[in-house]
Structures are given as C-alpha cells and as structure tokens.
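Each remark here refers to the structure printed beneath this line.
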Amino acid sequence: DVCRHRLLFDTPRGLLDCLDHIRADPEIQILRIKGASSDDSRITSGNGFRGVVVKFSIVNDYTKQKVASQHVCEVQLVRKCFSRILKDPEMHRRYLEYRNR
Numbered sequence: 673d674v675c676r677h678r679l680l681f682d683t684p685r686g687l688l689d690c691l692d693h694i695r696a697d698p699e700i701q702i703l704r705i706k707g708a709s710s711d712d713s714r715i716t717s718g719n720g721f722r723g724v725v726v727k728f729s730i731v732n733d734y735t736k737q738k739v740a741s742q743h744v745c746e747v748q749l750v751r752k753c754f755s756r757i758l759k760d761p762e763m764h765r766r767y768l769e770y771r772n773r
C-alpha cells in the first residue's frame, strides 16, 4: 500500500455511510472490499474485530499524468468500540492468531 489510514465510527450506520460515499466517487477505483467480524464473545476476549478494509486507487487526469493511478491505497473503516483491539498489543496478537487460523 502506498498509504493506509484508519477511520473510526461511533455507529455502524456512520461506517456504512462512509463506505457508500467511497463507492459513489467516480475517481475511486475499488480493488477490494473486505469485511471482518466475529461474534461478541470473541470480541470481548480480544479475538475479534469489526470493520471494513477498502483497497483502492484514485484514477483521474492528475494521477494518470503523474503515473500514480495504479498506486494502491487502503482505508480501514472501524467501529470505535472495537478499535481498542488494535491498540492493545495482547488483544491484537490474539486477534491475529484467531484470524490466521
């Protein structure tokens, strides 16, 4: 990824509205949308995560001229209440262990 950023949302609706805006932008070429979720028991134990990862390129005259239209960007759309998993090293380690099974 050339760039990666995480956006935090208070509600699922806010997250979905952002995703809708990204999908509606004619200059954004979406390469992949991946959702991640698990049941609440795993989330509270630190093994879960809820969010959406969007990989995309920005394709417009400027990025084509600068030969940047093929660069891949990533934005992680995450519920605030689940972002603590990413901040706590032990919880994040358990999440990665669960995800990679």
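Those letters in the sequence shown? Residues 673 to 773, per my numbering, in order.
Using N, Cα and C, we set each Cβ at its ideal position, and we do this for glycine too.
Among 700, 757, 725, whose alpha-carbon lies nearest the alpha-carbon of residue 687? When each option's Cα is compared against that of residue 687, the closest is 725.
Beta strand (DSSP E) containing residue 699: first to last residue? For residue 699, no beta strand (DSSP E) run applies, since DSSP gives it neither H nor E.
When burial is assigned at 16 or more other CB atoms within 10 Å of the CB, is residue 739 buried or exposed? exposed
Measuring straight from C-alpha to C-alpha, what distance separates residue 681 and residue 699? 24 Å
Evaluate residue 768 with the Cβ neighbour count: other Cβ atoms within 10 Å of its Cβ, from every protein chain shown; 16 or more gives buried, anything less gives exposed. exposed
Burial state of residue 692 (16 or more Cβ within 10 Å): Classification for residue 692: exposed.
Selected residue, minimal CA-CA separation from residue 729, among 737, 746, 722: 746
Work out the CA separation of residue 679 and residue 758 for me, nearest whole Å. 13 Å
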